[in-house]
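Structure, as structure tokens:
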């Protein structure tokens with residue numbers, strides 16, 4: 001979801017800046033602006049003295065300005081923390097049965113999941129990614145299927161073999177997994 005939000009926000013900001021900048025440049029180069037446009041001509045300022053002070057004496061103006069600016073700051077901070085937050089789980093807490101716990105590197109479990117998934121019949125390439133909390137990890141698997149693979153069979157084997165083995169070996173009660181399958185592009189086989 002974060003990738004989609006990033007793309008939409010960057011696209012909207014870029015579009016607004018492109019339209020405004022292009023319009024100001026066009027008016028500055030001498031193009032006649034439409035009647036509804038905020039500039040009247042080449043030597044017009046962006047905001048006149050009257051436009052800048054029009055709403056200053058209204059009671060709703062400053063609370064509205066402060067609320068909008070505060071909302072923009074909060075959205076920018078949310079966006080920044082979402083971008084800088086770590087998406088990959090670095091450690092998994094393994095219950096050792098003696099009341100203590102051991103830490104398993106997240107990359108090690110990802111490597112095992114990737115290797116086991118790639119070894120399955122019909123899988124050309126696989127990648128695993130761990131998210132969630134270290135006491136309750138979640139797996140995301142992406143697998144590229146070979147042309148002869150049956151997606152339903154491959155999905156069943158991925159969940160009952162690779163994911164189940166990783167869950168059992170790490171001593172986890174559950175390992176929810178999201179599996180994305182993609183087919184490999186290939187030429188049609190000639191029938192004779």
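Residue numbers (our numbering): 1 to 192.
For every residue, glycine included, the Cβ atom is placed at its ideal position computed from N, Cα and C.
Whole-angstrom distance between residue j and residue i, CA atom to CA atom
i, j, result
"residue 175", "residue 133", "11 angstroms"
"residue 54", "residue 42", "23 angstroms"
"residue 167", "residue 161", "10 angstroms"
"residue 11", "residue 69", "21 angstroms"
"residue 112", "residue 66", "52 angstroms"
"residue 135", "residue 170", "11 angstroms"
"residue 26", "residue 114", "55 angstroms"
"residue 35", "residue 9", "30 angstroms"
"residue 195", "residue 7", "Look at the range of the chain in this structure, 1 to 192, and you will see that residue 195 is not part of it."
"residue 163", "residue 62", "56 angstroms"
"residue 4", "residue 98", "44 angstroms"
"residue 18", "residue 95", "55 angstroms"
"residue 49", "residue 128", "60 angstroms"
"residue 156", "residue 100", "34 angstroms"
"residue 23", "residue 14", "14 angstroms"
"residue 58", "residue 87", "46 angstroms"
C-beta atoms of residue i and residue j nearer than 8 angstroms
i, j, result
"residue 139", "residue 130", "yes"
"residue 184", "residue 154", "no"
"residue 126", "residue 118", "yes"
"residue 159", "residue 177", "yes"
"residue 91", "residue 71", "no"
Supposed contact pair residue j and residue i - C-beta distance, whole angstroms, cut 8 angstroms
i, j, result
"residue 89", "residue 106", "4 angstroms"
"residue 120", "residue 179", "Not a contact, Cβ separation roughly 12 angstroms."
"residue 143", "residue 84", "Contact doesn't hold; Cβ gap of about 29 angstroms is too wide."
Segment limits, alpha helix (DSSP H) that includes residue i
i, result
"residue 81", "61-84"
"residue 155", "151-157"
"residue 52", "49-53"
"residue 164", "164-169"
Chain B contact for residue i (CB, 8 angstroms cutoff)
i, result
"residue 126", "Here chain B cannot be found, since the structure has a single protein chain."
First and last residue of the uninterrupted beta strand (DSSP E) at residue i
i, result
"residue 177", "177-183"
Q | Complete alpha helix (DSSP H) runs within the region 75-147 (minimum length 4 residues, chain order) | A | 106-119
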